[in-house]
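Structure first, then comments.
2 protein chains.
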Amino acid sequence: MNSNLWIEEKFEDFLGLKFKVEKVLFSGQSEFQSVDIVETKGHGKMLLNDGLVMVTERDEFAYHDMISHVPLFAHPSPKNVLVIGGGDGGTAREVLRHSSVDKCTMVEIDSMVVDACREFIPQTAKDLDHEKLTLIIGDGVEFVKSTDEKFDVIIVDSTDPIGPAQPLFGEEFYQDVYKCLSDDGIVVSQGESSWYAMDIQQSLLKVLNTVFPKSYLYSFSNLTYPGGLWSFTFATKKHHPTNDFSAERVEASGLTFDYYNAALHSASFALPNFVKKGLEGLIDND
Amino acid sequence: MNSNLWIEEKFEDFLGLKFKVEKVLFSGQSEFQSVDIVETKGHGKMLLNDGLVMVTERDEFAYHDMISHVPLFAHPSPKNVLVIGGGDGGTAREVLRHSSVDKCTMVEIDSMVVDACREFIPQTAKDLDHEKLTLIIGDGVEFVKSTDEKFDVIIVDSTDPIGPAQPLFGEEFYQDVYKCLSDDGIVVSQGESSWYAMDIQQSLLKVLNTVFPKSYLYSFSNLTYPGGLWSFTFATKKHHPTNDFSAERVEASGLTFDYYNAALHSASFALPNFVKKGLEGLIDND
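Sequence order for the protein chains is H and R. Sequential numbering from 12 applies to the first sequence in the working numbering. Sequential numbering from 12 applies to the second sequence in the working numbering.
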């Protein structure tokens with residue numbers, strides 16, 4: 012094998028992130044995108060879709076903790092949860108740790124991602140056969156249009172708004188999301204980087220604002236995405252993400268986390284001024 | 012010129028950060044290190060010491076806001092401030108915005124960094140001739156050993172603990188820092204990345220704990236450093252970084268910031284669990 016094998020993720024034409032690769036474990040081309048899993052030096056196994064880093068074993072807990080536990084603890088008693096995307100299984104894994112959750116439905120468009128992660132990244136995929144999980148290989152856009160179910164929390168764990176994920180950033184999709192959320196439902200969505208992709212954040216938040224009474228942005232630090240300061244949007248029919256949240260709820264759950272904690276839950280909604288300014292009028296963060 | 016010029020910062024043997032370069036503005040070799048300033052595409056002008064990215068015009072406000080305004084607002088009335096390192100001038104620039112500050116002394120070991128930034132990065136170096144600034148080209152280690160002055164806040168704006176900055180991570184240095192801090196003094200130091208350099212954080216915090224009654228770590232997201240989640244240590248003789256801080260103090264200052272704000276001040280001390288666990292017994296963050 013090539014002893015000097017690297018994967019490089021380019022951002023626009025001015026930034027590159029290079030990761031040392033020990034071994035290519037899987038390379039495929041699905042109907043939707045290219046799917047690669049490599050064993051890296053320094054970051055464990057890594058999933059790439061269309062050449063963009065999605066997940067690494069080293070830091071996936073940060074992303075999966077923050078996309079799931081923030082809405083699941085902001086809601087007082089989430090029972091029925093929908094995950095759209097998240098084919099690696101890490102988000103569903105974290106959702107299923109909550110004892111209040113009776114059912115988690117996961118709708119992933121690309122079976123190749125799911126199958127490859129089942130085989131090569133069990134760290135994230137290990138609960139894809141959980142008894143409370145309904146795994147649907149299909150289009151999340153179609154699912155929210157046609158389902159009669161009501162969900163307490165919907166998590167849109169999408170890739171960037173290119174390729175198959177593009178409709179997941181549109182207004183029609185979020186009107187359907189609103190429709191299938193319970194009266195006190197919350198939707199959290201992968202929200203890009205404030206450093207490099209504020210235009211996408213603005214566009215997504217404009218859509219959320221047309222549909223939801225209140226929208227917020229919260230941030231965390233992602234090790235392997237360009238920009239580091241990564242975000243999730245939080246749109247809500249009723250519950251305030253921090254005022255209606257209590258540390259006691261986290262304590263009472265008995266759950267432990269490698270990234271998330273109650274102080275960080277609230278802290279993640281405190282945004283730098285350049286983010287607040289860039290998203291002025293689009294977020295209800297105080 | 013080379014139309015495909017890139018600078019690559021390697022981290023260990025498994026990570027590379029590549030930045031597109033439009034033009035090399037300055038390249039020199041001082042007594043201490045190599046010093047390069049380049050015009051990048053996407054990040055403005057960039058200073059590198061020994062090939063490591065120190066400052067870019069695009070994101071320097073994040074680092075300089077957080078290294079300076081956190082201690083300066085945690086202290087009720089900082090009058091005499093010492094900056095060790097910080098040759099680009101950005102930290103002194105932010106310190107000098109505080110009207111309570113009567114005097115700021117900056118001790119930078121490498122005149123080449125100062126001179127090059129004066130010429131090519133006025134964005135950070137613009138206040139190096141400020142009437143309240145005493146700029147000393149010399150060894151910060153020697154300065155704190157020999158000075159009779161007492162400082163309210165000391166900011167150690169150092170590079171990584173290699174080359175000229177190595178003594179700035181040692182116990183002898185911090186004993187001298189303690190000695191020349193006022194009775195309610197605070198020292199904040201560049202504290203590396205929790206993702207990639209927790210060993211350095213542990214080592215630095217062990218030193219701080221032998222000298223100071225209380226030590227803390229606070230974090231922010233740095234765009235151009237490997238690891239993103241970057242930290243500063245906060246060691247204090249008296250003032251608690253968040254309990255003794257008030258948002259009113261920030262409001263009353265009349266200052267505006269692109270990164271820092273009162274909510275972020277407190278939020279930056281809320282650390283992910285893996286950081287709290289790795290630094291257990293070494294930090295007094297709650």
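C-beta atoms are modelled at their ideal positions from N, C-alpha and C, and glycine is treated no differently.
(1) Tell me which residues share the same chain as I294/H and place their Cβ nearer than 7 Å to its Cβ, disregarding the 5 neighbours each side in the sequence.
(2) Is K31/R helix, strand or coil when you go by DSSP?
(3) Check whether chain H comes within 8 Å of Y270/R, counting only Cβ atoms and requiring the distance to be less than that.
(4) Since I believe S38/H is in contact with D24/H (beta carbons under 8 Å), could you give me their beta-carbon distance rounded to a whole number of angstroms?
(5) Tell me whether the beta-carbon of K161/H lies closer than 8 Å to the beta-carbon of S110/H.
(6) Between the alpha carbons of T158/H and L83/R, how many angstroms are there, rounded?
(7) Going by DSSP, what residue range makes up the alpha helix (DSSP H) through V218/H?
(8) Would you kindly work out how many angstroms separate the C-alpha atoms of E289/R and K21/R, rounded to a whole number?
(9) Residues in the region 278 to 296 of chain R with C-beta within 7 Å of chain H's C-beta atoms, listed in sequence order?
(10) Whose C-alpha, out of A263/R, C128/R, K52/R, R260/R, is nearest the C-alpha of N15/R?
(11) Using only the alpha-carbon positions, how far apart do E183/R and S200/R sit?
(12) Mind checking G62/R: buried by the 16 CB within 10 Å criterion, or exposed?
(13) Just how far apart, CA to CA, sit V125/H and E19/H?
(14) For V66/R and S122/H, I'd like the C-alpha separation in whole angstroms.
(15) For W241/R, write down the residues that DSSP places opposite it in a beta bridge.
(16) Look at the alpha carbon of A103/H and the alpha carbon of F268/H, and state the distance between them as a whole number of angstroms.
(17) Provide the residue(s) that pair with M117/H in DSSP beta bridges, ordered along the chain.
(18) So what does DSSP say about L83/H, is it helix, strand or coil?
(19) Counting only Cβ pairs nearer than 8 Å, list the residues of chain R close to F243/H.
(20) Start and end of the beta strand (DSSP E) containing V49/R?
(21) Would you grab the beta carbon distance between P252/H and V81/H for me? Rounded to a whole angstrom, and I think it's under 8 Å.
(22) Using C-beta distances below 7 Å, list every residue in its chain close to F280/H, excluding the 5 sequence neighbours before and after it, in chain order.
(23) May I ask which residues mark the beginning and end of the alpha helix (DSSP H) holding N284/H?
(24) Take G27/H and list the residues in its own chain whose beta-carbon comes closer than 8 Å to its own, dropping the five residues that flank it on each side.
(25) Would you say N233/R lies against chain H (beta-carbon separation less than 8 Å)?
(26) Anything in chain H within Cβ reach of L275/R, meaning under 7 Å, just list it in chain order.
(27) Rounded to a whole number of angstroms, what is the C-alpha to C-alpha distance between T116/R and L146/R?
(28) Which one of D99/R, L58/R, V286/R has the shortest CA to CA distance from W206/R?
(29) Pop quiz: G181/H and F43/H are said to be a contact at Cβ under 8 Å. What is the actual Cβ separation, rounded to whole angstroms?
(30) Beta carbons nearer than 9 Å to chain H: which residues of the region 18 to 29 of chain R have them?
(31) Within the continuous beta strand (DSSP E) that includes G269/H, where are the two ends?
(32) For K156/H, does the three-state DSSP call read helix, strand or coil?
(33) If you measure from the beta carbon of G53/R to each beta carbon in chain H, is any gap under 8 Å?
(34) Give a yes or no on whether the C-beta atoms belonging to G239/R and N272/H are separated by under 8 Å.
(35) Please report the Cβ distance between E119/R and I148/R, rounded to the nearest whole angstrom; I am assuming they are in contact, meaning their Cβ atoms lie under 8 Å.
On the basis of the coordinates in this document:
(1) L216, S226, Y227, L228
(2) strand
(3) yes
(4) Their Cβ separation, rounded to whole angstroms, is 25 Å, which puts D24/H and S38/H out of contact at 8 Å.
(5) no
(6) Distance between the alpha carbons of T158/H and L83/R: 55 Å.
(7) 209 to 222
(8) Note that residue 289/R is Gly in the sequence shown, not Glu. Spanning the two alpha carbons is a distance of roughly 24 Å.
(9) Taking 7 Å as the Cβ-Cβ cut-off, the region 278 to 296 of chain R approaches chain H at A278, A281, P283, N284, F285, given in chain order.
(10) K52/R
(11) 15 Å
(12) exposed
(13) 23 Å
(14) 43 Å
(15) S204/R, F231/R
(16) 15 Å
(17) DSSP lists V94/H, L146/H as partners of M117/H.
(18) Secondary structure of L83/H (DSSP, three-state): helix.
(19) Neighbours of F243/H across chain R, judged by C-beta separation under 8 Å, do not exist; the nearest C-beta is about 14 Å away.
(20) Annotation for V49/R: the continuous beta strand (DSSP E) segment containing it runs 45 to 51.
(21) 7 Å
(22) Y227, Y229, P252, T253, N296
(23) For N284/H, the uninterrupted alpha helix (DSSP H) segment begins and ends at 284 to 289.
(24) Around G27/H: E19, E20, K21.
(25) It does; some Cβ of chain H falls within 8 Å.
(26) A281, P283
(27) 6 Å
(28) V286/R
(29) Between F43/H and G181/H the Cβ distance is about 17 Å, and since that is not below 8 Å, they are no contact.
(30) If the cut-off is 9 Å between Cβ atoms, the region 18 to 29 of chain R has E19, K21, F22, E23, D24, F25, L26, G27, L28, K29 near chain H.
(31) Checking the displayed sequence, the identity of residue 269/H turns out to be Asp instead of Gly. Counting along the chain, D269/H falls outside any beta strand (DSSP E), and DSSP gives it neither H nor E.
(32) helix
(33) yes
(34) Annotated as distal: G239/R and N272/H, with beta-carbon spacing of 8 Å or more.
(35) 6 Å
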